[in-house]
Amino acid sequence: MFYPQAHPWSEGDTLAQHLQRRGVSRRDFLAFCGNLAVVLGLGELAGPKVARALQKMRRPSVIWLQLQECTGCVESVLRSADPTIGDLVLDLVSLDYSHALMAAAGDSVERALEQARTENAGKFLLVVTGSVPLADGGIYTMVGGKTAKAVLEETAKGAAAIISVGACAHWGSIQAAKPNPTGARGVGEIIKDKPLVNIAGCPPIADVVTATVVHYLTFGRLPAADAQGRPLFAYGARIHDQCPRRANYDAGQFVETFDDAAARSGWCLYKVGCKGPATFSPCPIFQWNDTTSWPIGAGHPCLGCTEVNFFDTMTPFYGRLPNVAGFGVESRVDLIGAALAVGAAGGVAAHALATGVQQMRERRRARELPVVESPPAGPPPPAGGS
Amino acid sequence: MAATKVVVDPITRIEGHLRIEAQAEGGKITNAWASSTQFRGIEIIMQGRDPRDAWAFTQRICGVCTVVHAVASCRAVEDALDIRIPPNANSIRNLIHGMQFVHDHVMHFYHLHALDWVDVVSATKADPAATAKLAQAISPWPNNSATWFKSVKDRVTKFIAGGQLGIFTNGYWGHPAYKLPPEANLLAVAHYLEALDWQRDVVKVHTIFGGKNPHPNFLVGGMACAINLDDTGTINTERLTTVADLIRKAQVFVEQVYWPDLLAIAGFYKDWGAIGGGVKNYLAVGEIPDSDIRDPQSYYFPRGIILGNDLSRVVPYDEKLVKEYIHSSWYEYSKGDDAGLHPYEGETKAKYSGPAPPWTYLQGLDKYTWMKAPRYEGRPMQVGPLARVLVAYASGHKDTQELAKEVLDRLQVPSTVLFSTLGRTAARGMETVLIARRMNVWYDQLVQRIRNGDVATFAGDKWEPDSWPKQCQGYGPLDAPRGALGHWVQIDNGKIARYQCVVPSTWNCSPRDKEGQMGPYEASLVDNHPLLKPEQPLEILRTIHSFDPCMACGVHVLDAAGGVITEVRVQ
């Protein structure tokens, strides 16, 4: 349920009011400011000035732009459990512009956007969902009569940092799948002079987005990221390495077709198309919707949606990994099933190739694959399903 | 007195990018144009793909109605390949789709629509004790206490006093069209916050069966979530019990919060029962099949068409009579701009002819939107909750008739008020109540079959492409929360050759056709429609939000035929 006072720095409180309610006296606060002024090299006399500045601190401004997209990422963030979206919007930040939630419309919200950009110039956090269509002068997504690119550039100018949420903002996603008819690009391809993280996924898990916002507010910087700009706290591990069905993979226990006896035993989905071996994502660790489940947990192979170009590199979705587009060069790994079944020594190399795929080469942090000396032959699936 | 030109862009609290232009004179709207301002071009992207992948592509059309395009796609492909899904898969899809309806409609009411009727600033003047008295008079909801309302009031008061208004910045607070007393406003604001928590919970039905929300996973031929009561990684008793609990939570909130709030608020806005009717034809393809989708007799909400607000007759629906027109849209057809094409012959060639950005006005231009104009036998059609409720009512659907009577009696209004902005909003609540109650039936059907030993969730005999005919086509009908939807697919040598969707927001947001007939948004805005202050277009938002626009859906007509898109020139 909803706890009104869970995050007490709220409702436009200044820092001073907030500290007072938390039991920090004004005397302590002024002493702290004096020390801070000394530490900052301003001299003790600057203490009151620092105090005045800090007292005026308000909830940080967040501007959220929705460009070429399906609103799935906004919906996802609305499912955030901790902090809840209510606490986030009312207590932690000042959400000064949001297409999905603003009360007003048209000119009134255009003015609100302009006001937020001006008042918080250089300080606001910019969240973007959706890609930026560049073809034909950008007319494929227009907001308030302006192109998405113009709105993004005008807004990014004053942003302190950018959180680019979802596959569309990351690299263009479905719009950028071949042949990318609207010239869709990711935010990071347009805005190159600002700190930016990509919260990958179609959509990303809500808590990754809110945790990134909280990280920024708490530590004053964006979280460390991988080569694709994805925060390591969420995208630092490969699904295949964290998957509860990994033991079935290692044992050669595979679902051969949906709803077979193996599927009814929760075995590995690799042969029906799982892209977990090529996908870095927090799904198995964070899980979805307040840790309720996740795609593989509900019996469907991973689509690989946190990776760049997933619609092209990960399709056909039900094709086995080395055979899907983008991975064809490593045709030798096609032998994996047979190799595992006979327990041949060659299976080790095949395993490494199949699980490594191309993406591994790009990742410094990728873990070494466990070496299975002699992969056991898969036992036959249990008879009967239930 | 000269007409005032009005532009509302962006329309907020919707999915996607919508621009409304209007002309107003003497406090009334005299003309209106609805422009969809986003195009994503998925049509070409679909070409040559595996039809079993199609659901995942079409699902990305919309992340709000995140279920409907995936299921419609599965139905279309299953129709083309003559696949009959197991009854368990149908029940699971029904539970997912049913929860989509309930979740979507409640969120629409509180988070997308309520601020058109509810003045947040006025809530700070409410007496919490009086609010609790009001709330307890209409509902047994246990949170309706003075303590709770006081905490919400305090929170909102401090929020506003802090000067950082966030999403409430520049809202039309104090606008004379807001009619609720402060206590009713506080009640609605409190439930706005509670609904935010509620929606996070009940959507977990999608996560249990589909692995995540938004964009849960589906499967051509059934569902991927295998059932085994004796395994940890499958649908077992623990998972089923959770689903039952989530259904109960959904039902309680709908019956004790949403529905009483809706009726209470509607009581203050009865005049909106004579505003914004617009197009008088209503189309429902029907939804939620107890058995196979090919058997419309098994649908909970029946299929049919109402013409000219005449509830004495329900006209049968035939998908062959749907055609799309581009007279006012930024596309071109090989047969010329005045042609109408059935989806199996559909074309999508973008041809932008609007002004170079930034725009000032689009009104008066021959072409002004990315939305095509679907017509049924040449007629524009309203789709959505009101269409479903009217078709069900006129078809003698007992549940609908009883609930409609209850609403009309409570509000003491005649049935003609249904043809209005208020009617669309009330109908959405009605069908939410009915679907929430119906969830028990689908759940019980599933459990009963499992009890009888049937655990099948997937029909795999036509999974491999070598079992498919060389050429085939299929139609996937689905009545989505926002209205009638259809997917049409043509498969050639195992690959998608053509894919077309005609979706709810294309029907409702369609522009003028060559006969000059307005689409439903436009027609509603010029039907006895007030606009007191053009600079604060609150009334426009009321009527447009009563349709629950979902723009990304409307502009994704998928057409894989042709392959080459003509050059787009920007003038």
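Residue numbers (the working numbering), protein chains in the order written: chain U, 1 to 386; chain W, 387 to 957.
For each residue, glycine too, the CB sits at the ideal point set by N, CA and C.
Can you find a CB in chain U that lies within less than 7 angstroms of the CB of G846 (chain W)?
Position 460 of the second sequence, counting from 1, holds the residue named residue 846 (chain W). Yes - at least one Cβ of chain U is within 7 angstroms of the one on G846 (chain W).
Considering just the uninterrupted stretch of the beta strand (DSSP E) at W64 (chain U), what are its terminal residues?
Against the first sequence, residue 64 (chain U) aligns to sequence position 64. 61-66 is the span of the beta strand (DSSP E), which, as asked, contains W64 (chain U).
Who pairs with I621 (chain W) in a beta bridge, going by DSSP?
As a first step, residue 621 (chain W) is located in the second sequence; it is residue number 235 there, counting from the start. Bridge partners of I621 (chain W): W:I613.
What does V109 (chain U) touch in chain W if you count any residue whose Cβ is under 9 angstroms from its own?
For the purposes of this step, residue 109 (chain U) is identified with residue 109 of the first sequence, where counting begins at 1. Those are P396, T398, T555, N556, listed as they occur along chain W.
Looking at the C-beta of Y3 (chain U), does it have a partner C-beta in chain W at a distance below 7 angstroms?
In the first sequence, counting from the first residue as 1, residue 3 (chain U) sits at position 3. Note that Y3 (chain U) scores a pLDDT of 37, beneath 50, so its modelled location is shaky and nothing firm can be said.
Flag this pair as yes or no: are the beta carbons of P766 (chain W) and V665 (chain W) separated by less than 7 angstroms?
Here residue 766 (chain W) corresponds to residue number 380 of the second sequence, with the count starting at 1. Here residue 665 (chain W) corresponds to residue number 279 of the second sequence, with the count starting at 1. Yes, Cβ-Cβ distance for P766 (chain W) and V665 (chain W) is below 7 angstroms.
What residues in its chain sit with their C-beta under 8 angstroms from that of F425 (chain W), if we drop five residues either side in the sequence?
The residue labelled residue 425 (chain W) in the question sits at position 39 within the second sequence. W716, A736, W756, V941, listed in sequence order.
Is any beta-carbon of chain U found at less than 7 angstroms from that of W745 (chain W)?
Working through the second sequence from its first residue, we reach residue 745 (chain W) at position 359. Yes, contact with chain U.
Whose C-beta lies closer than 7 angstroms to the C-beta of A500 (chain W) among residues of the same chain, with five residues either side of it excluded?
One-based indexing of the second sequence puts residue 500 (chain W) at position 114. Closer than 7 angstroms at the Cβ level, and outside the excluded window around A500 (chain W), lie A574, Y578.
Quick check on A722 (chain W): buried or exposed, where buried means 16 or more other Cβ atoms within 10 Å of its Cβ?
In the second sequence, residue 722 (chain W) corresponds to position 336, counting from 1. Looking at the sequence shown, residue 722 (chain W) is not Ala but Gly. It is exposed - the Cβ of G722 (chain W) has fewer than 16 other Cβ atoms within 10 Å.
How would you call L566 (chain W), buried or exposed, if buried means at least 16 neighbouring beta carbons within 10 angstroms?
If you number the second sequence from 1, residue 566 (chain W) lands on position 180. L566 (chain W) comes out buried.
Kindly identify the DSSP beta-bridge partner or partners of D878 (chain W).
Residue mapping note: residue 878 (chain W) aligns to position 492 of the second sequence, counting from 1. Answer is W:Q857, W:K881.
Taking the alpha-carbon of V308 (chain U) as reference, which of U:R230, U:R59, U:T155, U:T212 has the nearest alpha-carbon?
Along the first sequence, one-based indexing puts residue 308 (chain U) at 308. V308 (chain U) has its Cα closest to that of U:R230, out of U:R230, U:R59, U:T155, U:T212.
Apply the 10 Å Cβ neighbour rule to N180 (chain U) and answer buried if 16 or more other Cβ atoms are within range, or exposed otherwise.
One-based indexing of the first sequence puts residue 180 (chain U) at position 180. Buried, by the Cβ-count rule.
Counting only Cβ pairs nearer than 8 angstroms, list the residues of chain U close to L582 (chain W).
For the purposes of this step, residue 582 (chain W) is taken as the residue at position 196 of the second sequence. In chain order: F2, L78, T84, I85, G86.
Measuring straight from C-alpha to C-alpha, what distance separates A339 (chain U) and G252 (chain U)?
The count along the first sequence starts at 1 and reaches residue 339 (chain U) at position 339. The count along the first sequence starts at 1 and reaches residue 252 (chain U) at position 252. In this prediction, A339 (chain U) scores a pLDDT of 34, lower than 50, which makes its location untrustworthy; the coordinate-derived value is nonetheless stated afterwards. If I take the Cα positions, the gap works out to 10 angstroms.
Cβ of T398 (chain W) within 7 angstroms of Cβ of A105 (chain U)?
Residue numbering aside, residue 398 (chain W) sits at position 12 when the second sequence is read from its first letter. Residue numbering aside, residue 105 (chain U) sits at position 105 when the first sequence is read from its first letter. Their beta carbons are under 7 angstroms apart, which means T398 (chain W) touches A105 (chain U) by this criterion.
Within 10 angstroms of the Cβ of S853 (chain W), are there 16 or more other Cβ atoms? Answer buried if so, exposed if not.
The count along the second sequence starts at 1 and reaches residue 853 (chain W) at position 467. Result: exposed.
What are the boundary residues of the beta strand (DSSP E) that includes D96 (chain U)?
Start at 1 with the first residue of the first sequence, and residue 96 (chain U) comes out as number 96. From DSSP, the beta strand (DSSP E) with D96 (chain U) extends over 94-98.
Would you report the Cα separation of A119 (chain U) and A509 (chain W), rounded to the nearest angstrom?
Here residue 119 (chain U) is taken as the residue at index 119 of the first sequence, counted from 1. Here residue 509 (chain W) is taken as the residue at index 123 of the second sequence, counted from 1. Ala is not the amino acid found at residue 119 (chain U); the sequence shown has Glu there. Those two C-alpha atoms are separated by around 28 angstroms.
How long is the line joining the alpha carbons of A570 (chain W) and Q922 (chain W), rounded to whole angstroms?
Translated into the one-based positions of the second sequence, residue 570 (chain W) becomes position 184. Translated into the one-based positions of the second sequence, residue 922 (chain W) becomes position 536. Cα to Cα, A570 (chain W) sits roughly 22 angstroms from Q922 (chain W).
G434 (chain W) to G276 (chain U), Cα distance in whole Å?
To locate residue 434 (chain W), count along the second sequence from 1; it is residue 48. To locate residue 276 (chain U), count along the first sequence from 1; it is residue 276. Between G434 (chain W) and G276 (chain U), the C-alpha separation is close to 25 angstroms.
Under 8 angstroms: do the region 690-703 of chain W and the region 659-676 of chain W share three or more Cβ pairs, one atom per stretch?
The answer is yes - the region 659-676 of chain W touches the region 690-703 of chain W, with three or more Cβ pairs under 8 angstroms.
How about C434 (chain U) and T279 (chain U): are their beta carbons less than 7 angstroms apart?
For residue 434 (chain U) there is no data in the structure shown, the boundaries of chain U being 1 and 386.
If you compare alpha carbons, which of W:D681, W:P568, W:L911, W:Y558 is closest to L520 (chain W)?
Sequence index remark: in the second sequence, residue 520 (chain W) carries index 134 (1-based). It is W:P568.
List the residues of chain W whose Cβ lies closer than 8 angstroms to the Cβ of I174 (chain U), in chain order.
In the first sequence, counting from the first residue as 1, residue 174 (chain U) sits at position 174. Per Cβ cutoff of 8 angstroms: R426, I428, I431, F443, R446.
Please check the pair L498 (chain W) and H915 (chain W), which I expect to be a contact at CB under 8 angstroms, by giving their CB distance rounded to whole angstroms.
Taking the first residue of the second sequence as 1, we reach residue 498 (chain W) at position 112. Taking the first residue of the second sequence as 1, we reach residue 915 (chain W) at position 529. Wrong, their Cβ atoms sit about 20 angstroms apart, outside the cutoff.
What number of angstroms, rounded off, separates the C-alpha of K848 (chain W) from the C-alpha of I471 (chain W)?
Within the second sequence, numbered from 1, the residue matching residue 848 (chain W) stands at position 462. Within the second sequence, numbered from 1, the residue matching residue 471 (chain W) stands at position 85. Looking at the two C-alpha atoms, the distance is approximately 11 angstroms.
Our contact map puts P760 (chain W) next to V888 (chain W) with C-beta atoms below 8 angstroms; I'd like the distance itself, whole angstroms only.
Position 374 of the second sequence holds residue 760 (chain W). Position 502 of the second sequence holds residue 888 (chain W). Confirmed, Cβ separation roughly 5 angstroms.
Cα separation between A532 (chain W) and L582 (chain W)?
Counting from one through the second sequence, the residue named residue 532 (chain W) turns up at place 146. Counting from one through the second sequence, the residue named residue 582 (chain W) turns up at place 196. The straight-line gap from Cα to Cα measures roughly 20 angstroms.
Helix, strand or coil: which one does DSSP assign to R399 (chain W)?
Here the question's residue 399 (chain W) lines up with position 13 in the second sequence. Three-state result, R399 (chain W): coil.
Check whether chain U comes within 7 angstroms of A610 (chain W), counting only Cβ atoms and requiring the distance to be less than that.
On the second sequence, residue 610 (chain W) is found 224 positions in, with the first residue counted as 1. Yes, because at least one Cβ of chain U sits closer than 7 angstroms to the Cβ of A610 (chain W).
Counting only beta-carbon atoms, is A103 (chain U) nearer than 7 angstroms to chain W?
Along the first sequence, read from residue 1 onward, the residue named residue 103 (chain U) stands at position 103. Answer yes: the Cβ-Cβ gap between A103 (chain U) and chain W drops below 7 angstroms somewhere.
With the cut-off set at 7 angstroms, would you say L572 (chain W) and F535 (chain W) are in Cβ contact?
In the second sequence, the residue the question calls residue 572 (chain W) occupies position 186. In the second sequence, the residue the question calls residue 535 (chain W) occupies position 149. Result yes, Cβ atoms of L572 (chain W) and F535 (chain W) sit closer than 7 angstroms.
Alpha carbon to alpha carbon, how far is P695 (chain W) from F805 (chain W)?
Taking the first residue of the second sequence as position 1, residue 695 (chain W) is located at position 309. Taking the first residue of the second sequence as position 1, residue 805 (chain W) is located at position 419. Note on residue identity: the sequence assigns Asn, not Pro, to residue 695 (chain W). Taking the straight line from one Cα to the other gives about 8 angstroms.
Enumerate in chain order the residues of its own chain whose CB-to-CB distance from A344 (chain U) is below 7 angstroms, with the five nearest sequence positions on each side excluded.
Within the first sequence, numbered from 1, the residue matching residue 344 (chain U) stands at position 344. With a pLDDT of 32 at A344 (chain U), under the threshold of 50, the modelled position of that residue is not reliable, and the figure given next carries that caveat. For A344 (chain U), where only same-chain residues beyond five positions count, there are no Cβ hits under 7 angstroms.
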